[in-house]
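Note that the UniProt record's numbering has the sequence shown beginning at 1, numbered continuously upward.
All C-beta atoms in this analysis are idealised placements derived from N, C-alpha and C, irrespective of residue type, glycine included.
Quick caveat, the model's predicted, so the values are computed rather than measured.
Notes follow once the structure below has been shown.
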Amino acid sequence: MQARIALVTGASGGLGTAICQALRAQGHTVIGVDRAPPPPATADPQLHTRMLDITDDTACQALVQELEGSFGSVDILVNNAGITRDATLRKMQIEDWDAVLGVNLRAAFSLCHAAVPGMLARGYGRIVNISSVSGQTGNFGQTNYAAAKAGLHALTMSLARETAAKGITVNSVSPGYVRTPMTAAMPAEALARTSAAIPVGRLGEPQDIARAVAFLADEASSYITGVNLPVNGGLFMSF
1 MQARIALVTG ASGGLGTAIC QALRAQGHTV IGVDRAPPPP ATADPQLHTR
51 MLDITDDTAC QALVQELEGS FGSVDILVNN AGITRDATLR KMQIEDWDAV
101 LGVNLRAAFS LCHAAVPGML ARGYGRIVNI SSVSGQTGNF GQTNYAAAKA
151 GLHALTMSLA RETAAKGITV NSVSPGYVRT PMTAAMPAEA LARTSAAIPV
201 GRLGEPQDIA RAVAFLADEA SSYITGVNLP VNGGLFMSF
């Protein structure tokens, strides 16, 4: 397997950290970006880091150009960054809608828009978008989040069709409930109910998601594109 250059957004979170580690374990050079630097206790000396506001289209373009100049290419793009601003539709503010769509959907478009030309020129690329089961089922109080994740599915499939013949694969991974700081903040009773509803009987671990991302980012996954891979312990099943 050839070592590649990977760009991962949302790299400071629990899921982003696991994804960066999984890609590094495959021998790739990983650049992790986030709005703030990682806490010193979790900083990885072998991870290249950049601070980036991914809602700034110009900054996204500039970052990819910088990485292509410094490292020669961006071969793997993982759009992992995501936020929530939960409220029922009647109580949701337009600012909350715009913020979630901006980070969870538009930023993925901006980074794809910046990275795909280089991938096309080199005839190789792997794009993995981190979606959510909410993008398939919807979720109470998350019209903004679910809409963004459903849009990410459509972006994934459409871009996969546009680039499939050029050596580029575009896929998404839809986690269910994963043990992260976000789920850790849930009330204990709600967390217990959630775990009981998952057929495998537990929350996912960040490494469960990271292994799926690493698989789709691998050269050996060249015949898989336009796919949404659910990693949710059987919480949502479809065909």
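Own chain, CB closer than 8 Å to residue 71, minus 5 neighbours either side, in chain order: 5, 29 and 31
C-alpha gap between residue 192 and residue 158, whole angstroms: 38 Å
Distance cut-off 8 Å: residue 88 Cβ against heavy atoms of the ligand SAM: Summarising the ligand content, the structure contains no ligands, and the ligand SAM is consequently not present.
Residue from 185, 67, 54 and 93 with nearest C-alpha to residue 80: 54
Backbone secondary structure at residue 100 - three-state DSSP: helix
As assigned by DSSP and simplified to three states, the class of residue 127: strand
Limits of the beta strand (DSSP E) - the one that residue 113 falls within: No beta strand (DSSP E) contains residue 113, which is instead part of the alpha helix (DSSP H) from 107 to 122.
Alpha-carbon spacing of residue 204 relative to residue 57, whole angstroms: 32 Å
Classification of residue 142 by the beta-carbon crowding that lies within 10 angstroms, buried from 16 upward: buried
Three-state class that DSSP yields for residue 48 in the structure shown: strand
Status (buried if at least 16 other CB within 10 Å, exposed otherwise) for residue 235: buried
Residue 227 versus residue 162 - alpha carbon distance: 14 Å
Best match in 130, 114 and 148 for proximity to residue 206 [C-alpha to C-alpha]: 130
Rounded distance between the beta-carbons of residue 133 and residue 230, thought under 8 Å: 7 Å
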